[in-house]
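Only one structure is covered here, and it is reproduced in the block below.
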Amino acid sequence: MTIYLPIAELSVNVFIILGMGAAVGFLSGMFGVGGGFLITPLLIFYNIPPVVAVATGANQVVASSVSGAISHFRRGTLDMKLGTVLLIGGLVGATIGVYIFSWLRRLGQLDLIISLLYVIFLGTVGGLMLAESLRALRRAARNEPAPLKRPGQHNWVHRLPFKMRFKKSKIYLSVIPILALGFGIGILTSIMGVGGGFIMVPAMIYLLRIPTNVVVGTSLFQIIFTTAYTTIVQAATNYSVDIVLAFILMVAGVIGAQYGVRVGQKLRGEQLRALLGLLVLAVGVRLAIELIVTPDDFYSLAIGG
């Protein structure tokens, strides 16, 4: 069954799009990531124009994140105060990111920049997460004690000024790194169509020392509003949000996220990190291959604008 996408200007198989949305929603609920790092490359692989894939992918992230965040809120694993500080930085970053997106589009370099950013970020983050989680799994198999680094332990980040107490997370931390993290994620959301959870979750755990049990829900909370804001601004500025494609992805993503949360609750932290690291790395490798291999057609025709 095919359906025509008015903004992307092509026909697609609706069941394939539903499958993409459900799979990404499942991963969103399971890992606490928005899923944009996966849905945007998947749409590009399916010949959706990158400009449309980025803007519409961000819209799908909203639905999956809402579904997952509600489940975490009910479980009491969402720090609203911490999420709000992240959100403030995220909205500022998203605003700047949309202007960068428009500038790159006018230069005609947007497609290349998007692909390169994905390869760099996914390769780096996926490799680091996989290496760390494999070490943790080996320690668990040998019954070795875990390192003494625990959530709440102080490092250079905790010596920064303008501290605030987050009772839910049980930490006393400067708002500077939190705002900076949200700002960076906001820019990535606008340019790459990602929720940024694949960077935010590791950063909150390893850099800010926030307890893992509240990281996932808090990450999803920030992702909801940053991606929603980005979608609205992208639609108004670049006219690149395909509402038909977005609706199909949203419906499937909401359903998939509910099942993902249930599965994620049954797995240990190191297992979740290993699976997410593998997934992130695999997508990065796939995009790198696309950039390196010789294309089937050396020339293509496109309408400028």
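Here our numbering is used: position 79 in the sequence shown is 79, and no number is missing along the way. All residues carry an ideal CB built from backbone N, CA and C; glycine is no exception.
- Between Val280 and Gly126 the beta-carbon gap is near 3 Å, inside 8 Å, which marks them as a contact.
- Sorting Ala141, Tyr229, Ser115 and Gly29 by C-alpha distance to the C-alpha of Val92 places Tyr229 at the top.
- Thr77 is positioned such that its CB atom lies no closer than 8 Å to that of Val54.
- Within the stretch 38-106, the complete alpha helix (DSSP H) segments at least 4 residues long are 50-75, listed from N- to C-terminus.
- Distance from Gly260 to Gly19 at the Cβ level is roughly 15 Å; contact not present, criterion being Cβ atoms closer than 8 Å.
- For the options Gly83, Ser71, Leu128 and Thr56, the alpha carbon positioned closest to that of Gly277 is the one of Leu128.
- Across the set Gly21, Val52, Pro49 and Asn47, the C-alpha of Gly21 shows the shortest separation from the C-alpha of Leu38.
- According to the DSSP secondary-structure assignment, Val12 is paired through a beta bridge with Ile3.
- Restricting attention to alpha helix (DSSP H) runs no shorter than 4 residues, the stretch 189-252 encloses them at 197-202 and 212-237, ordered along the chain.
- When secondary structure is reduced to three states using DSSP, Leu160 falls in the coil class, being assigned neither helix nor strand.
- With respect to Gly182, Gln222 sits close: the two C-beta atoms are nearer than 8 Å.
- In the three-state DSSP reduction, Arg142 falls in the coil class, being neither helix nor strand.
- Excluding residues up to 5 positions away in sequence, Thr77 lie with their Cβ nearer than 6 Å to the Cβ of Asn213 in the same chain.
- The stretch 239-249 and the stretch 3-20 touch, with no fewer than 3 CB-CB distances between them shorter than 8 Å.
- When rounded, the separation of the alpha-carbon atoms in Leu287 and Ser115 is 7 Å.
- Per DSSP, the unbroken beta strand (DSSP E) holding Ser174 starts and ends at Ile171 to Ser174.
- With contacts defined by Cβ atoms closer than 8 Å, Ile187 and Ile96 form a contacting pair.
- Contact annotation: Ile176 and Ala69 have beta-carbon atoms that are not nearer than 8 Å.
- Note on geometry: alpha-carbon atoms of Val98 and Asn238 lie some 9 Å from one another.
- Beta-carbon to beta-carbon, Gly90 and Ile185 are separated by about 6 Å, close enough to satisfy the 8 Å threshold.
- Judged by their CB atoms, Ile171 and Arg209 are nearer to each other than the 8 Å cut-off.
- Counting only residues of its own chain and dropping the five nearest sequence neighbours on each side, Pro202 has a CB closer than 7 Å to the CB of Val125 and Met129.
- One alpha carbon belongs to Tyr206, the other to Pro50, and they sit about 32 Å apart.
- Contact between Leu82 and Thr218 holds, with the beta-carbon distance rounding to 5 Å and staying under 8 Å.
- Pairing Val62 with Val233, the inter-Cα distance amounts to about 14 Å.
- In terms of Cβ geometry, Leu275 and His72 do not form a close pair [threshold 8 Å].
- Residue burial is scored here from C-beta neighbours: Gly284 has at least 16 other C-beta atoms within 10 angstroms and is therefore classed as buried.
- For Leu104, same chain residues with a beta-carbon under 7 Å away, outside a window of 5 residues either side, are Leu110 and Ile113 in chain order.
- In chain order, Val52 and Asp242 place their CB closer than 6 Å to the CB of Ile7, counting only its own chain and leaving out the 5 sequence neighbours on each side.
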